[in-house]
Structures are given as structure tokens and as C-alpha cells.
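Below is one structure, written out as C-alpha cells; comments come after it.
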Amino acid sequence: MEVVIVADAPAAGVVGADIVSALLTRTPAAVLGLATGSSPLPVYGELIRRSGRGAISFAAATAFLLDEYVGLPPSHPASYRWFIDHELAEPVDLPSERVNGPDGCAADVAAECARYERAIVEAGGVDVQLLGIGADGHIGFNEPGSSLGSRTRIKTLTEQTRRDNARFFDGPDAVPRHVMTQGVGTILDARHLVLVATGAAKAEPVAKAVEGPVTAMVPASALQLHPHVTVVVDEAAAADLRLADYYRETFRSKPPWQQL
Ligand code: F6R
């Protein structure tokens with residue numbers, strides 16, 4: 001696991017965008033795994049700027065969302081499909097028909113989750129998966145207690161996550177209780193995981209995920225089991241990392257041939 005500590009959220013956006021840009025340059029038909037929420041916004045902002053000046057293109061890429069609220073149609077402004085369309089796909093040249101997400105309005109949720117798992121495999125798997133982390137250590141919507149081998153399925157949000165996400169709705173009561181989310185096992189199948197965390201509220205979950213024991217109580221700690229993980233944090237989110245100086249030194253003295 002590589003931990004990259006940068007000054008602030010815009011700098012984290014540049015590192016995340018560097019990883020996605022390198023992938024798109026290498027593999028124009030790449031499969032991207034996209035997170036929603038606040039954490040990836042600096043990455044998306046930087047990607048939009050690069051796409052705008054023609055430095056990168058998403059025209060041949062495919063994308064898979066991590067999760068979706070059960071009961072929200074894609075036209076709902078708080079749905080994750082709406083979020084990705086507006087925050088990334090439309091401002092760049094990512095074709096809408098190649099943006100995939102679980103159908104929040106599927107009549108058969110279990111069948112929809114199984115279909116989504118198959119779709120990811122049929123696309124060849126995810127090349128780079130962007131992730132945020134919840135205050136309780138969730139990735140995707142795998143709340144504490146989620147099996148580290150879990151696949152896409154329905155989950156019940158914790159009260160804390162519903163409170164945290166209330167800013168996208170008309171208050172906490174409007175936040176759906178259920179979501180469909182890629183499982184921890186699904187996420188671990190991606191070839192490169194990039195977790196972006198900024199701000200003091202993320203310091204504790206980041207430290208637990210990176211330096212704590214691997215446990216279902218902190219689903220993000222499962223990242224320790226993956227061979228290629230980049231954790232991009234600003235100084236505030238890095239505040240509780242015991243090995244912060246070592247991570248800084250490692251990044252500073254990285255051999256030039258070694259990519260992120
Ligand atoms: C979103 C997702 C979640 C968020 C996490 C952090 O697709 O899967 O795991 O990444 O809740 O959210 P923010 O970035 O808003 O703090």
C-alpha cells in the first residue's frame with residue numbers, strides 16, 4: 001500500500017487525476033470504477049480540466065459506479081447515477097451508455113445485484129477503482145460488519161452514514177435506508193484501488209484502515225489485502241497516521257521509473 005500525503009484537497013485531486021490520466025493514455029478503453037460523494041470531486045474537477053484542454057479522453061472508456069440508493073431513479077438529483085453524469089460523464093466525453101450503475105429501482109434487487117456483478121466481469125474487470133472512506137470506515141456502502149468477501153448486494157445504511165449524507169437530501173429522514181453496493185470482495189477484484197480522503201473528519205478512519213488490524217469492523221482495512229493500493233490523503237486526513245514521516249520519505253525518494 002502506498003500512502004501519498006499532500007497539502008490539501010486540490011493537490012489530492014491532482015494525484016488522483018494523474019493516476020486516471022496515465023491509465024487512459026495507456027489504455028483508452030479502460031474500465032474505471034467511480035465513487036460519489038465529496039472526496040472524489042477534486043479528482044473529477046482536475047480530470048474535467050485536462051479533458052477540456054484535450055490532454056485526455058474518456059471516449060472509449062467504460063465506468064462502473066460503486067453503489068446506488070434503493071428506490072432512487074437516475075433522474076433523482078441525489079441518485080449516484082445523476083451525480084456521476086453531472087460531476088464527470090457529461091463534462092468530459094464519457095458516453096452515458098457506458099456508465100453503469102446498479103438500477104436503484106429494479107423490482108428484483110437480488111437479481112439486479114447479480115446482473116451488476118456479471119456486467120463488471122464481462123467488461124473485463126475494473127482497472128482503477130476510486131474510493132472514498134466513510135467516517136465509520138466504510139468503502140462503497142459496506143458498513144462495519146460487512147463480510148470482507150462480500151459481493152454486490154443490498155445493505156442497510158447506519159444512522160451515522162444517513163446523517164453524513166443528509167446534505168444531499170432534504171434532511172436525514174429523506175435519505176434512503178437501503179443501498180445496493182459493490183461488496184468488499186467486488187472492490188478488491190479491481191486491479192488498482194485509489195482511496196482519496198481529505199479533511200480532519202477522515203483522520204481516524206484513515207488511520208484505522210491503513211494501520212489498524214484488518215477487520216470487518218473497518219471495511220476499508222481490507223485494502224491491506226490488495227497488492228496495488230494508493231491512499232491519497234491531505235495533511236488533515238493524515239493527522240493520525242503513525243508512519244506519516246515514513247510515507248512522506250518513501251514518496252519523496254521514489255525511483256523515477258516507479259509509477260503510482
Ligand atoms: C460513495 C461511496 C462512499 C463514500 C463515503 C465518503 O460512492 O461509496 O463510500 O465514498 O461515504 O463520502 P464523502 O466522500 O462524501 O465523505
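Numbering (this note's numbering), first residue to last: 1 to 260. Ideal Cβ placement from N, Cα and C applies to all residues, glycine included.
Is VAL196 near ALA12, with beta carbons less than 7 Å apart? yes
Alpha carbon to alpha carbon, what distance is there between LEU241 and ASP4? Note that residue 4 is Val in the sequence shown, not Asp. If I take the Cα positions, the gap works out to 12 Å.
Any heavy atom of the ligand F6R closer than 6 Å to the beta-carbon of ASP108? no
Use the C-beta contact count for ASP93: other C-beta atoms within 10 angstroms, 16 or more gives buried, fewer gives exposed. exposed
Terminal residues of the continuous alpha helix (DSSP H) containing ALA114? 109-122
Please report the straight-line C-alpha distance between ALA207 and GLY52, rounded to a whole angstrom. 36 Å
Compute the minimum distance between the beta carbon of ALA35 and the heavy atoms of the ligand F6R, and state whether it is under 6 Å. yes
Is ASP272 near the ligand F6R, in the sense that its beta carbon is under 6 Å from a heavy atom of that ligand? Within the shown structure, residues of the chain are numbered from 1 to 260, placing residue 272 beyond reach of any answer.
Where does HIS178 fall in DSSP's three states? strand
Of all the CB atoms in chain B, is at least one closer than 7 Å to the CB of GLN259? The chain labelled as chain B is not found in the depicted structure, where only one protein chain is given.
Taking only runs of the alpha helix (DSSP H) that begin and end inside the stretch 132-196, which ones reach a length of at least 4 residues, in chain order? 159-164 and 184-188
Straight-line CA distance for LEU41 to LYS155? 24 Å
Identify the continuous beta strand (DSSP E) that holds GLY104 and give its terminal residues. That residue, GLY104, is in no beta strand (DSSP E); it is neither H nor E in DSSP.
With DSSP as the reference, please indicate the residues paired to GLY45 in a beta bridge. Paired residues: none, contrary to the question.
Could you tell me whether any non-hydrogen atom of the ligand F6R is closer than 6 Å to the CB of GLY137? no
Given this structure, state the Cα-to-Cα distance separating ILE48 from THR186, to the nearest angstrom. 27 Å
Count the C-beta pairs between the stretch 21-37 and the stretch 119-138 that are closer than 8 Å, then say yes if the count reaches three, no if not. yes
Taking a contact to mean a Cβ-Cβ separation below 7 Å, would you say ALA216 touches GLY171 in this structure? no
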